[in-house]
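Peer 1: In the numbering used here, the protein residues as written are 3 to 418. Input: one structure, supplied below.
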């Protein structure tokens, strides 16, 4: 069963929570971070992207930047902008997008659970990217940003969350600049905290990494690193755990993750269409943007026209958790067989566009001349993700896109 524990969160005072909270550090450039933090002296970006407080041109991976992060992290606590709760507890973090709200429980996940497979993954990780995620944690000795987890919904947990949300006023409640709502409740009742911990320990056999595979792997490695330096290591220290927001699977929706390709591998538009008809039924939809409406249906933008592509029987295997995926069909029958893209992890000919940006972004990229063709996919379901993780399979690269992104800074987990 999953180990999901309360912890003593370090968090902002109510009056500055909106200004201190920010997007994850890896979804922006240094210039964008500086602009986002403009006029917000308390923004967590001064810690997670401390190069914005360093001389222009400073290497973002330099010791100077990391030391500035540590300095600011200590300063934020000295100023009282970040205060640690006196008792360990769970926290409820809800997000609202397009009228839909999802309710997650912020808690400590176990590094050991990741190593023994109780925390299940669906993507491969790269050691170099894991190291990148580890550096700031090593310097600050804290999980500054949470990981996005899911679990199979438990009615008893849902009922506890619903009761708190209904009867207690949110500690933080604001709409961010992107229009997404963020709502936060500490779980203050000791008996409720004990019950939640018990429910996870008895009703949740596994948790699933939804977004943040590299941060999760990095957290496990940090735990091992800190343990090796501690001659009195017991396994109960805070560094044996890391912060994650756990959302029930039935509240999450995965957004499509689309592809644009720079060239047609020597084919003309007419030749590509002819070859596509060998594995798809192809229908020209004209100039109006067309979005796939069901599994095994794709849309393609080529030469100023949209096309609907339906995969023919035999091009997929509905009994295979990987073979049923539309990204597998597209990767195998189109990107590989027709366009000569053999490895999506290393190719420079394909770029990935999150569905949150809309299909208009695909049209824009092709019309600009920088790309030659675009493909939109029907979004993967949470059940497909769980099936893949449960069977130990790995999804193709860039398959899932979760939105909204978790705001950093509403809660921090200190490792000391």
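The beta carbon of each residue, even a glycine, is placed where N, CA and C say it ideally should be.
Using only CA atoms, which one of 256, 415, 173, 113 lies nearest to residue 4?
Peer 2: Start at 1 with the first residue of the chain shown, and residue 4 comes out as number 2. Looking at the Cα atoms, 113 is the closest of the given residues.
Peer 1: If you reduce the DSSP assignment to three classes, tell me which class residue 235 lands in.
Peer 2: Here the question's residue 235 lines up with position 233 in the chain shown. Looking at residue 235 - three-state DSSP - the assignment turns out to be coil, as it is neither helix nor strand.
Peer 1: From 205, 211, 83, 24, pick the residue whose C-alpha is nearest to that of residue 388; which is it?
Peer 2: The residue labelled residue 388 in the question sits at position 386 within the chain shown. Ranking 205, 211, 83, 24 by Cα distance to residue 388 puts 211 first.
Peer 1: To the nearest angstrom, report how far apart residue 412 and residue 68 are at their CA atoms.
Peer 2: Here residue 412 refers to the residue found at position 410 of the chain shown. Here residue 68 refers to the residue found at position 66 of the chain shown. Roughly 21 Å separates the two Cα atoms.
Peer 1: Pick out whichever of 18, 215, 47, 380 has its Cα sitting closest to the Cα of residue 31.
Peer 2: Counting from 1 along the chain shown, the entry for residue 31 is found at position 29. Closest option to residue 31, Cα to Cα, is 47.
Peer 1: Please go through the same chain and pick out, in chain order, the residues whose beta-carbon is closer than 6 Å to the beta-carbon of residue 175, but skip the five residues on each side of it.
Peer 2: By one-based count along the chain shown, residue 175 stands at place 173. Here the set comprises 185.
Peer 1: Report the option in 154, 187, 150 whose CA atom is closest to the CA atom of residue 14.
Peer 2: Position 12 of the chain shown, counting from 1, holds the residue named residue 14. Comparing Cα-Cα distances from residue 14 to each of 154, 187, 150, the minimum goes to 187.
Peer 1: Kindly confirm or deny that the stretch 390-404 and the stretch 115-131 touch, where touching means at least three C-beta pairs closer than 8 Å.
Peer 2: With the cut-off at 8 Å, the stretch 390-404 and the stretch 115-131 touch.
Peer 1: So residue 90 packs on residue 258, CB below 8 Å; how close in whole Å?
Peer 2: Taking the chain shown and counting its residues from 1, the one referred to as residue 90 is at position 88. Taking the chain shown and counting its residues from 1, the one referred to as residue 258 is at position 256. Not quite, the Cβ-Cβ distance comes to about 39 Å (not below 8 Å), so this is no contact.
Peer 1: Is it right to say residue 386 is buried, meaning 16 or more other beta carbons lie within 10 angstroms of its own, or is it exposed?
Peer 2: Your numbering for residue 386 matches position 384 in the chain shown. Flag for residue 386 reads buried.
Peer 1: By DSSP, does residue 2 sit in helix, in strand, or in coil?
Peer 2: The requested residue 2 is not part of the displayed model; the chain covers only 3 to 418.
Peer 1: Quick one: residues in its chain with C-beta nearer than 6 Å to the C-beta of residue 189, no 5 flanking neighbours on either side, listed in chain order?
Peer 2: Locating residue 189 in the chain shown gives position 187, where the first residue counts as 1. The residues are 91, 92, 195.
Peer 1: Rounded to the nearest angstrom, what separates residue 284 and residue 309 at their Cα positions?
Peer 2: Here residue 284 refers to the residue found at position 282 of the chain shown. Here residue 309 refers to the residue found at position 307 of the chain shown. About 7 Å.
Peer 1: If you run the structure through DSSP and keep just helix, strand and coil, what is residue 73?
Peer 2: Looking up residue 73 in the chain shown gives position 71. DSSP places residue 73 in helix when its eight states are reduced to three.
Peer 1: Using the DSSP secondary-structure output, state which residues sit across from residue 308 in a beta bridge.
Peer 2: As a first step, residue 308 must be located in the chain shown, where it is residue number 306. Per DSSP, 288, 303.
Peer 1: Measure the alpha-carbon distance for residue 168 versus residue 369 and round it to whole angstroms.
Peer 2: Here residue 168 corresponds to residue number 166 of the chain shown, with the count starting at 1. Here residue 369 corresponds to residue number 367 of the chain shown, with the count starting at 1. The straight-line gap from Cα to Cα measures roughly 49 Å.
Peer 1: Mapping DSSP to helix, strand and coil, what is residue 3?
Peer 2: Position 1 of the chain shown, counted from the start, is the residue given in the question as residue 3. Reduced to three states, the DSSP call for residue 3 is coil.
Peer 1: If you drop the 5 nearest sequence neighbours on each side, which residues of the same chain put their C-beta closer than 7 Å to that of residue 296?
Peer 2: Along the chain shown, one-based indexing puts residue 296 at 294. Once the five neighbours on either side are set aside, the close Cβ partners of residue 296 are 380.
Peer 1: For residue 225, tell me which candidate among 115, 408, 317 has the shortest Cα-Cα distance.
Peer 2: Here residue 225 refers to the residue found at position 223 when the chain shown is read from its first residue. Comparing Cα-Cα distances from residue 225 to each of 115, 408, 317, the minimum goes to 115.
Peer 1: Using the three-state DSSP reduction, which class does residue 372 fall into: helix, strand or coil?
Peer 2: Here the question's residue 372 lines up with position 370 in the chain shown. Coil at residue 372, not helix or strand.
Peer 1: Tell me the DSSP secondary structure of residue 359 in three-state form.
Peer 2: Along the chain shown, one-based indexing puts residue 359 at 357. DSSP places residue 359 in helix when its eight states are reduced to three.
Peer 1: In chain order, which alpha helix (DSSP H) runs of at least 4 residues are fully inside the stretch 31-83?
Peer 2: Runs found: 32-39, 47-50, 65-80.
Peer 1: For the beta strand (DSSP E) containing residue 98, name the first residue and the last one.
Peer 2: Here residue 98 corresponds to residue number 96 of the chain shown, with the count starting at 1. Run containing residue 98: 93-99, per the beta strand (DSSP E) assignment.
Peer 1: Which runs of the alpha helix (DSSP H) at least 4 residues long sit entirely within the stretch 124-177? Give them in chain order.
Peer 2: Runs of the alpha helix (DSSP H) inside the stretch 124-177: 129-142, 157-169.
Peer 1: What are the residues that DSSP puts in a beta bridge with residue 241?
Peer 2: The sequence position of residue 241 within the chain shown is 239, counting from 1. Residue 241 is not bridged to any residue.
Peer 1: Compute the beta-carbon to beta-carbon distance between residue 378 and residue 260, rounded to the nearest angstrom, for a pair I have assumed lies under 8 Å.
Peer 2: Within the chain shown, the letter at position 376 stands for residue 378. Within the chain shown, the letter at position 258 stands for residue 260. Indeed, because the Cβ distance is near 5 Å, the residues count as touching under 8 Å.
Peer 1: For the stretch 173-225, list the alpha helix (DSSP H) runs that are entirely contained and at least 4 residues long, ordered along the chain.
Peer 2: Entirely contained in the stretch 173-225, the alpha helix (DSSP H) runs reaching 4 residues are, in chain order, 192-205.
Peer 1: May I have the straight-line CA-CA distance separating residue 44 from residue 242, to the nearest angstrom?
Peer 2: What you label residue 44 is simply residue 42 of the chain shown in a count that begins at 1. What you label residue 242 is simply residue 240 of the chain shown in a count that begins at 1. Residue 44 and residue 242: Cα-Cα distance of roughly 29 Å.
Peer 1: May I ask you to report which of helix, strand or coil DSSP gives residue 331?
Peer 2: In the chain shown, counting from the first residue as 1, residue 331 sits at position 329. Residue 331: helix per DSSP, three-state reduction.
Peer 1: Please determine, among 134, 262, 331, 97, the residue with the shortest C-alpha to C-alpha distance to residue 51.
Peer 2: The count along the chain shown starts at 1 and reaches residue 51 at position 49. It is 134 whose Cα lies nearest to the Cα of residue 51.
Peer 1: Looking at the secondary structure, which residues open and close the alpha helix (DSSP H) in which residue 118 lies?
Peer 2: Counting from one through the chain shown, the residue named residue 118 turns up at place 116. Its alpha helix (DSSP H) spans residues 113-118.
Peer 1: Just grab the DSSP bridge partners of residue 109 for me.
Peer 2: Position 107 of the chain shown, counted from the start, is the residue given in the question as residue 109. According to DSSP, which records beta bridges pairwise, residue 109 is partnered with 246.
Peer 1: Round the Cβ separation of residue 245 and residue 118 to the nearest angstrom and send it over; I've been treating them as touching at under 8 Å.
Peer 2: Stepping through the chain shown from its first residue, residue 245 is reached at position 243. Stepping through the chain shown from its first residue, residue 118 is reached at position 116. With a Cβ gap of about 19 Å, residue 245 and residue 118 do not count as contacting.
Peer 1: Going by Cα to Cα distance, which pick from 53, 41, 152, 221 is closest to residue 206?
Peer 2: As a first step, residue 206 must be located in the chain shown, where it is residue number 204. Ranking 53, 41, 152, 221 by Cα distance to residue 206 puts 152 first.
Peer 1: Distance check for residue 356 and residue 421, CA to CA, integer angstroms please.
Peer 2: There is no way to answer for residue 421, as the model of the chain reaches only from 3 to 418.
Peer 1: When burial is assigned at 16 or more other CB atoms within 10 Å of the CB, is residue 409 buried or exposed?
Peer 2: In the chain shown, residue 409 corresponds to position 407, counting from 1. Under this definition residue 409 is a buried residue.
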